[in-house]
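K.L.:
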Amino acid sequence: MTFHKALALAAVLALHPATAPAQPKSPPSAAAFAADAEVSVNGLVCDFCAQVLDKSFKRRAEVAAIRVDLTTKVVSIDFKPGATLDDATLRTIITNAGYAVTAIRRTGAPGAGGPA
Amino acid sequence: MNGYIIGALAMASATLAPSVAAARPVTYPGGTMSMAEHRDEATMVETVHTLSPRLGVGWHDEWDHEDDWQFHGPMIAGLARRWNMPDAQANIFWMAGAGAAFDDVASAGGPAKPAAYASVEADWENRRFYTQYQARAFWAEDIDRTFTQRWRAGVAPYVAEAGALHAWAILQVDHEPEDADPVSLTPMVRVFKGAALAEAGVSLDGDAFAAFMIYF
């Protein structure tokens with residue numbers, strides 16, 4: 000009986016968001032983050048994924064800021080003025096962090112963007 | 000009724016797709032994971048530094064409170080396989096360690112004996128559901144030989160974005176064949192934010208469980 004109660008508790012938590020902590024704020028909109036490159040990535044499922052990519056990219060001197068959207072599975076990268084990383088390097092950084100790149104889009108001139 | 004169905008599905012997923020990984024021992028090159036786990040029966044502390052995308056090295060300490068022994072030694076961890084899917088990820092990790100074990104810790108403390116362990120872990124998760132399995136064998140000369148398994152299934156009550164507080168309700172099933180009561184069930188809550196994770200629960204037998212992990 001106690002076992003069933005434990006299962007029911009876990010399930011009820013899932014089915015009734017009102018009992019869970021308040022829904023976290025949405026990430027900044029795409030317009031608020033003028034990314035220079037957007038990379039679509041497979042395998043992004045949790046905050047640790049975002050942390051790993053954040054730490055991996057911020058080691059690079061060329062990178063000013065990154066933003067990870069777990070819903071769209073897009074990593075947006077803003078380069079420092081005049082700097083950039085080529086597609087192969089972007090792919091290597093993300094692959095070494097443990098994720099799979101599915102597409103890379105350039106959204107501005109190198110180093111033209113910046114966090115709002 | 001829906002609650003029971005979800006709970007049953009979570010249990011079924013843990014049984015049919017055994018996997019693991021409360022801890023992802025291999026993170027990213029240059030990254031380090033430290034974790035501690037405490038149960039009434041045992042306490043473990045482990046730190047792993049990732050050398051390459053698939054290999055990490057570290058140190059493992061373990062105290063078995065029931066059988067009164069300790070283990071200390073270096074370890075190695077590997078990512079055997081990862082599946083990156085559009086909305087999910089699955090992993091298989093392996094770990095092994097060798098070092099010294101000491102029994103009669105609570106009294107005088109016995110001499111150092113050679114000891115080693117090996118384990119395999121597998122996990123699957125998306126942003127709503129999670130399941131994991133771990134099998135582990137431990138050997139310490141004249142002190143202890145054990146084989147243990149752990150299944151987990153979890154569900155997130157809400158889907159959190161990057162940087163927000165993530166919460167999970169998890170059911171953990173521990174199987175320790177040598178124990179008088181070989182199976183224990185522990186419902187627990189996991190929360191994590193940023194690079195830190197904490198878990199706490201109480202088994203249906205009343206034993207406390209707590210774990211903490213941080214990546215840096």
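Chains as they are written, first to last, in numbering that gives the first Met the number 0: chain A, 0 to 115; chain B, 0 to 215. Just so it is clear, CB atoms sit at the ideal spot from N, CA and C, and this is done for glycine as well. Small disclaimer: the values here were computed from a predicted structure and weren't measured.
1) Compare the C-alpha of A100(B) against each of W62(B), K112(B), I169(B), R189(B) and name the closest.
2) Can you confirm whether D178(B), when its beta carbon is compared against all beta carbons of chain A, has any partner nearer than 9 Å?
3) Could you spell out where the beta strand (DSSP E) holding T42(B) opens and where it closes?
4) So which residues of chain A does Y27(B) contact, with C-beta pairs closer than 9 Å?
5) Please report how far the alpha carbon of V158(B) lies from the alpha carbon of D103(B), in whole angstroms.
6) Which bits of chain B does T71(A) rub up against, with CB to CB less than 8 Å?
7) Taking the beta strand (DSSP E) that D122(B) belongs to, which residues open and close that run?
8) Looking at chain A, which residues of the region 81 to 102 of chain B have a Cβ within less than 7 Å of any of its Cβ atoms?
9) Are three or more beta carbon pairs between the region 72 to 84 of chain B and the region 85 to 102 of chain A nearer than 8 Å?
10) Take L69(A) as the anchor and find which of A102(A), D35(A), T106(A), D46(A) has the nearest alpha-carbon.
11) Which residues of the region 31 to 45 of chain A have a Cβ closer than 7 Å to any Cβ of chain B? Give them in chain order.
12) Could you tell me which of R189(B), A134(B), D141(B), G55(B) sits nearest to S118(B), measuring between CA atoms?
13) Considering only their Cβ atoms, is the gap separating Q148(B) from F208(B) smaller than 9 Å?
14) Helix, strand or coil, according to DSSP, for D86(A) in the structure here?
15) Should A79(B) be labelled buried (16 or more other beta-carbon atoms within 10 Å of its own) or exposed?
16) Do L84(A) and R59(A) come within 9 Å of each other at the CB atom, strictly closer than that value?
17) Since Y27(B) and S55(A) are thought to touch, with beta carbons under 8 Å apart, how far apart are those beta carbons, to the nearest angstrom?
18) Go through its chain and collect everything with a Cβ distance to W68(B)'s Cβ below 7 Å, but skip five positions before and after it.
19) Helix, strand or coil for T70(A)? Go by DSSP, reduced to three states.
20) Considering only their Cβ atoms, is the gap separating V188(B) from A210(B) smaller than 9 Å?
21) Considering only their Cβ atoms, is the gap separating D86(A) from I65(A) smaller than 9 Å?
P.N.:
In short, the structure shows the following:
1) K112(B)
2) Chain A contact via Cβ: absent.
3) 41 to 51
4) Counting only Cβ-Cβ distances below 9 Å, Y27(B) has contacts in chain A at V51, L52, K54, S55, N95, A96, G97, in chain order.
5) If you draw a straight line from the Cα of V158(B) to the Cα of D103(B), it comes to about 47 Å.
6) None at all; the shortest Cβ gap to chain B is about 11 Å.
7) 112 to 124
8) R81, N83, M84, P85, A87, Q88
9) A contact exists between the region 72 to 84 of chain B and the region 85 to 102 of chain A.
10) When each option's Cα is compared against that of L69(A), the closest is D46(A).
11) Cβ contacts with chain B come from N41, G42, V44, C45.
12) The option with the nearest alpha carbon to S118(B) is A134(B).
13) No, the pair does not count as a contact, with Cβ atoms beyond the cut-off.
14) helix
15) exposed
16) yes
17) 6 Å
18) A100, F101, D102, V104, A139, I142, D143
19) coil
20) Cβ distance not < 9 Å, so A210(B) and V188(B) don't count as in contact.
21) no
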